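In our numbering, the protein residues as written are 33 to 726.
Think of the CB as a built atom: it goes at the ideal place given N, C-alpha and C, for glycine as much as any other residue.
Owing to the predicted nature of the structure, the values given are computational and were not obtained by experimental measurement.
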């Protein structure tokens, strides 16, 4: 039905000199000249005196069709019937020919619309969505030190929380990216951002680890789907000359997202008082305020997106000619008014629409229940998405898809692996320095003394403590070995990384403490009593949250600014392929300098250098992925490749983190080898800077 409606040009019109006149001929697709004389003769006097809003077409008002329209409709009916008996391969070949004509015509139309206020408005709206993606990557890493104490997380739970966001992003990119090619860019982007905003907001309030993990998983699924849609959406409003540069400028919002997350973590999380408690069970600490604030870019983009139109290129692909024409006219008029040329007329009257091959099966109201109709809609849509996925692996696109997959994967494995490895290495260097300052007390004897101050970074061996009181104090990194506690009293004591090993504890009372059973290793407890143990975990922000980690992430995000600017300015000059290959090879060289990173400042410096060198490859990968695939497969292909990228991130995080404190050789060699292999393979990809969007 969509195909027949798209081919009926009897209702097409042309805007010229402020009036709707005549009919658009079907023999071409880009008209800006004079109208044929016979259409003037065919105009009816009956419509005179009507306002422009009430204007009706001749023939429609009188019930008398135009003679040319009768012939045109007769021509259209014949192939419409014949299509039922034609081979699908023939129909697809005809559609391919139509798409090629549309691609060149659409390029001319976008050039006529110009690049101005409309594109810049869309740029900032989609930039907020991309910023939300950048924020999502950093959120869990920043809240983990606080969340692990607030939720009593074990090491395995911490690792799962760090990886669950990437898992959600991987699924979301494939699923929502595929749906965007069937349901529309704007609609799917709104769904994606709404999912992320809702579950990110909810995750800041939930108390249990399991529910928090689930919320971050679904939140990641939502924001993961936004990335392929954003680039496909924006690229379809850009001309060939502007595409590479402005898609690269758009990538800067990912950097802004990282800076925003780092700055908010730095300014919010250390303030323990920025929260509230409801009884003894519900605690809303400052790290939850940070999670709440990080959902703001997503919410802002979601609201602004409601005022933006659907991609006209997508609408033309599904045969919605009139809607696409109106949006393109809106783009043209918005840009011309901003340039001070409101009198400029949009001269396009008819746009080529590809032949509609796929049929959407619908059960009518009289033949099925509501859930049967929805089931058919859902299954049909997902079948079409799966067909699109398989289409990316057909002979025409197989090699490009496989090569891009390797490049995306190797880039993600090395980049995300090192991004996690850098803070872990800095933390490890800090711990080494901290342990080197440990104080050791041997065979001390203390009796009738009250400890009401903090003990930190100490080891007590073979000590004897009799009739001592430990009241309102903290143990930080304290270990008691082979010591004796006799008739001592512990009250309101909190501890962190504190253990009693091979100790003898006689007639001692523990009241309102967090000295639980697991911290007494091979100890003998004789006539000792534990009363009213502390429940839950207890935060100590001065210890757990290291400002240097926020600073490292902030500088790492800021360091990509020069690379972003250079890639944007040179993307259309040196090409996408050279940009990817050169950036990945330079990044591989930067990896070898990490062998000399034996201090915190050196690691920060090499991290900034690596991030600045690698960002150009990311930008060029985004651009070439958009340009290599046709409109009805673009978001699907981008989603598949971005999903594979997140899988590489999961592997990189797991592999690189496991070597912290063991060796630097394996992470450095693995990252550099992956970058060299991916960079050399990228040079075999086809260059796309001179081609129009298919």
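Through-space distance from residue j to residue i, alpha-carbon basis
i           : j           : result
residue 246 : residue 372 : 52 angstroms
residue 439 : residue 675 : 13 angstroms
residue 714 : residue 447 : 16 angstroms
residue 35  : residue 234 : Any reading at residue 35 must be qualified, since the residue scores a pLDDT of 42, below 50, and its modelled position is unreliable; no value is offered.
residue 489 : residue 528 : 10 angstroms
residue 604 : residue 658 : 15 angstroms
residue 190 : residue 699 : 21 angstroms
residue 398 : residue 165 : Note on residue 398: pLDDT 47, under 50, position unreliable in the model; no value is reported.
residue 138 : residue 353 : 12 angstroms
residue 669 : residue 456 : 34 angstroms
residue 641 : residue 322 : 28 angstroms
residue 548 : residue 497 : 20 angstroms
residue 407 : residue 414 : 11 angstroms
residue 655 : residue 260 : 11 angstroms
residue 694 : residue 688 : 11 angstroms
residue 377 : residue 345 : 21 angstroms
First through last residue of the alpha helix (DSSP H) which encompasses residue i
i           : result
residue 451 : 430-468
residue 558 : Careful: residue 558 lies outside any alpha helix (DSSP H), inside the beta strand (DSSP E) at 556-558.
residue 285 : 272-300
residue 362 : 353-370
residue 601 : 592-606
residue 345 : 344-349
residue 660 : 632-660
Residue i, DSSP secondary structure in three states
i           : result
residue 489 : strand
residue 524 : coil
residue 142 : helix
residue 224 : helix
residue 193 : helix
residue 694 : coil
residue 232 : helix
residue 707 : helix
residue 170 : helix
residue 252 : helix
residue 153 : helix
residue 427 : coil
residue 718 : coil
residue 136 : helix
residue 674 : helix
residue 260 : helix
residue 201 : helix
residue 585 : helix
residue 382 : coil
residue 377 : coil
residue 625 : helix
residue 413 : helix
residue 699 : helix
Identity of the residues DSSP links to residue i by a beta bridge
i           : result
residue 176 : The partner list for residue 176 (beta bridge, DSSP) is empty, contrary to what the question assumes.
residue 498 : 479 and 518
residue 532 : 512 and 552
residue 541 : 521 and 561
residue 503 : 523
Distance CB(residue i)-CB(residue j) smaller than 9 angstroms
i           : j           : result
residue 200 : residue 229 : no
residue 163 : residue 329 : yes
residue 196 : residue 172 : yes
residue 503 : residue 478 : no
residue 320 : residue 268 : no
residue 366 : residue 150 : yes
residue 608 : residue 463 : no
residue 383 : residue 134 : yes
residue 613 : residue 711 : yes
residue 282 : residue 292 : no
residue 530 : residue 551 : yes
residue 473 : residue 584 : no
residue 176 : residue 449 : no
residue 278 : residue 667 : no
residue 425 : residue 680 : no
For residue i, the first and last residue of its enclosing beta strand (DSSP E)
i           : result
residue 510 : 506-513
residue 327 : Segment: none, residue 327 is in no beta strand (DSSP E) and carries neither H nor E.
residue 472 : 471-474
Cβ of residue i within 9 angstroms of any chain D Cβ
i           : result
residue 703 : In the structure shown, chain D cannot be found, because there is only a single protein chain.
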